[in-house]
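Take the sequence shown: its letters are residues 1 to 482, numbered as in the UniProt record's numbering. The beta-carbon is built from N, C-alpha and C at its ideal position, and this holds for glycine as well.
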Amino acid sequence: MPIDECELVIVHTVPLGQEIRIKERVQREISPVVSCEVTSSLSGRHLYNKLVFLCCKHFDLCSTTVTGIPMKEEQNASSSANYDVELLHPAAAHDDLFKNEHAEGLVIPSKEGLPIETAPLKWCTPKSNVVELHQCSAAYRICPVDVNSRPSSCLTNFLINGRAVMLEQPRKSGAKVISHMLAAHGGEIFIHSLPTSRSILEDPPSISEGCGGRVTDYRITAFGEFMKENRLVPASPAMLERYGNRKPYLYALDQLEKSSRFWPMVISDTVLFNIQDINPLPQLLLKDSMTDEEVLDCKKVILKVVGMESKNDPLPVPAAGSRGKGPKREEQYRQLWAEMEALIRSYSDTSEGHAMVLECLLRCKKPGDDPVTLAKKTPGKKEDKSGSTAEVEQSWKDLDRFQQMTEREKQDALLGEKSLDAPPPKKLKSEELLMRSGGQTLLSMWNNRLKTIESKRSHEFDGRLDSDGDKARLYIHLDENR
Numbered sequence: 001m002p003i004d005e006c007e008l009v010i011v012h013t014v015p016l017g018q019e020i021r022i023k024e025r026v027q028r029e030i031s032p033v034v035s036c037e038v039t040s041s042l043s044g045r046h047l048y049n050k051l052v053f054l055c056c057k058h059f060d061l062c063s064t065t066v067t068g069i070p071m072k073e074e075q076n077a078s079s080s081a082n083y084d085v086e087l088l089h090p091a092a093a094h095d096d097l098f099k100n101e102h103a104e105g106l107v108i109p110s111k112e113g114l115p116i117e118t119a120p121l122k123w124c125t126p127k128s129n130v131v132e133l134h135q136c137s138a139a140y141r142i143c144p145v146d147v148n149s150r151p152s153s154c155l156t157n158f159l160i161n162g163r164a165v166m167l168e169q170p171r172k173s174g175a176k177v178i179s180h181m182l183a184a185h186g187g188e189i190f191i192h193s194l195p196t197s198r199s200i201l202e203d204p205p206s207i208s209e210g211c212g213g214r215v216t217d218y219r220i221t222a223f224g225e226f227m228k229e230n231r232l233v234p235a236s237p238a239m240l241e242r243y244g245n246r247k248p249y250l251y252a253l254d255q256l257e258k259s260s261r262f263w264p265m266v267i268s269d270t271v272l273f274n275i276q277d278i279n280p281l282p283q284l285l286l287k288d289s290m291t292d293e294e295v296l297d298c299k300k301v302i303l304k305v306v307g308m309e310s311k312n313d314p315l316p317v318p319a320a321g322s323r324g325k326g327p328k329r330e331e332q333y334r335q336l337w338a339e340m341e342a343l344i345r346s347y348s349d350t351s352e353g354h355a356m357v358l359e360c361l362l363r364c365k366k367p368g369d370d371p372v373t374l375a376k377k378t379p380g381k382k383e384d385k386s387g388s389t390a391e392v393e394q395s396w397k398d399l400d401r402f403q404q405m406t407e408r409e410k411q412d413a414l415l416g417e418k419s420l421d422a423p424p425p426k427k428l429k430s431e432e433l434l435m436r437s438g439g440q441t442l443l444s445m446w447n448n449r450l451k452t453i454e455s456k457r458s459h460e461f462d463g464r465l466d467s468d469g470d471k472a473r474l475y476i477h478l479d480e481n482r
């Protein structure tokens, strides 16, 4: 059997009455597989307490003390006394109990003298027909700290005979809270964790009762399908061999991230996912690569939307509880095209097929207000825009040159532009740009001016200018000074 990890703990024991001269060493990693720790203890009872402490630390155990156990006196059978029994079990059994942090009386020092803390739980009336067993959230094996003591053996025999004991949290006031139960199954004793607030087996609250009021149009059915497509299953040996060194759950996380890049939560927030004819497109975009037939299927979906818009077909948009008229059909189609572009753009860099689908969408989409989309669709307009931008930049340069002139140079420049005959007034370049359809506005001219000034402020790193490639060597004269 291969050993994945080994924790070596060296316990140095000293007889009672002698001084411990070896210092304890905290756990130190010797290799990726082996770690070592050195501890010291006195012999006898102290060694037993040290071993119990190390076991609790290594196996993540905690202690529970069952208090108030009624038991008849061994010498006088007519009278009874209350005893306490301390049990060890996994610490997960007290997860709900410790959510209240360390409340008063919830955690006390161990009554057996162990160097650990224990949670005292009060003994309740035993039950033979336990209905609360169906409400337990977890069960863990237990082991008495003092196995051979009379209270421990009596409690063990009592539980193995088929009885169950309810355990109550210590409270100074209010109703009692039963948080645990002791019962035996197949000859082994378990401590059962009982939910103290809302049972985990009850129906969950309605998803429509969320924060901010009632939202009744969540895509619950679609979310159920989303969970089925992204469920986790154990990896087979063939899958592990195919993945190599990378863990399989990392591929599952990548798939989950890819599936949730564009996924509206509310029905009223989407038009795209309310159309049944759009179904092949989202599934095909999730693939790492698409064949020519799959790319053609995606293009058919886009062309189908173009046909619906040309025929002015109504879109299945829910009212979402709003009164009055809904959005216009033109706005609905504008939202549909925006959602399709956002969906396809989120996967456009996956493969060449995805990029071809995005290119088809941009060709079929109507011209809108998005300058990025217009630049990609019409390269001619992009050249006109760049040409007009160059003219505006030249005008700003002439204005800067004029402001840097002296008063005499300004007068000479103004006189040189005048003529005896009064020519017809010429329109300024800025006026021509404003008169053109889609020309530069005053705001865009000012923004371009600010961008030009900002670009001149940043200089290239001097070392990179003298270097051959992108990397520059630092401290090149360091060796010369030696």
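**Asked** Ordered along the chain, which non-local residues of its own chain (more than five positions away) have a Cβ less than 8 Å from that of E27?
**Response** In the sequence as presented, Glu is not what sits at residue 27; that position holds Gln. If we look at Q27 and ignore the five residues flanking it on each side, its Cβ neighbours are E7, S35, C36 and E37.
**Prompt:** With contact counted as at least three CB pairs below 8 Å, one residue from each stretch, are the region 327-340 and the region 239-254 in contact?
**Reply:** no
**Request:** Find the nearest neighbour of V301 within the set L450, L361 and T13, judged by alpha-carbon distance.
**Result:** Closest by alpha carbon: L361.
**Residue nearest to residue 532 in terms of C-alpha spacing, selected from S351, E241 and R246** = Nothing about residue 532 can be reported from this structure: the residues present for the chain run from 1 to 482 only.
**Asked** CB-CB under 8 Å to A422, same chain, minus the five flanking residues each way: which ones, in chain order?
**Response** The predicted model places A422 with a pLDDT of 48, which falls under 50 and marks its position as unreliable; any figure quoted below should be read in that light. Taking A422 as the centre and dropping the five residues before and after it, the same chain places no C-beta closer than 8 Å to its C-beta.
**Request:** Leaving out five residues on either side along the sequence, give the residues of the same chain with a beta carbon under 7 Å from the beta carbon of L232.
**Result:** A252
**Request:** In the DSSP assignment, find the unbroken beta strand (DSSP E) run with K122 in it and report its ends.
**Result:** E117 to W123
**Message:** On the DSSP bridge list, what partners appear for R28?
**Reply:** C36
**Prompt:** Thinking just about the alpha-carbon of each residue, which of F226, Y347 and E229 is nearest to the one in L285?
**Reply:** It is Y347.
**Message:** Does the contact criterion of 3 or more C-beta pairs under 8 Å hold for the region 112-122 versus the region 168-184?
**Reply:** Result yes; three or more Cβ-Cβ pairs closer than 8 Å.
**Asked** Should the region 84-102 be regarded as contacting the region 18-32, the criterion being three or more beta carbon pairs within less than 8 Å?
**Response** Proximity of the region 84-102 to the region 18-32 falls short of the contact definition, fewer than three beta-carbon pairs being nearer than 8 Å.
**Prompt:** Between the region 65-74 and the region 37-50, do three or more beta carbon pairs fall short of 8 Å?
**Reply:** no
**Asked** Which residues does DSSP pair with Y140 in a beta bridge?
**Response** I191
**Request:** Kindly indicate the opening and closing residues of the beta strand (DSSP E) around K228.
**Result:** Element bounds for K228: not the beta strand (DSSP E) but the alpha helix (DSSP H), I220 to E229.
**Alpha-carbon spacing of P2 relative to I116, whole angstroms** = 33 Å
**Request:** For G307, name the three-state secondary structure that DSSP assigns.
**Result:** helix
**Request:** Tell me whether G353 sits in a helix, a strand or coil according to DSSP, three-state version.
**Result:** Reduced to three states, the DSSP call for G353 is helix.
**Asked** In this structure, what does DSSP give as the bridge partners for Y83?
**Response** In the DSSP assignment, the residues bridged to Y83 are I69.
**Prompt:** Quick one: complete alpha helix (DSSP H) runs, 4+ long, within the region 142-180?
**Reply:** 150-160
**Prompt:** Which one or two residues does DSSP pair with V14 in a beta bridge?
**Reply:** Per DSSP, L42.
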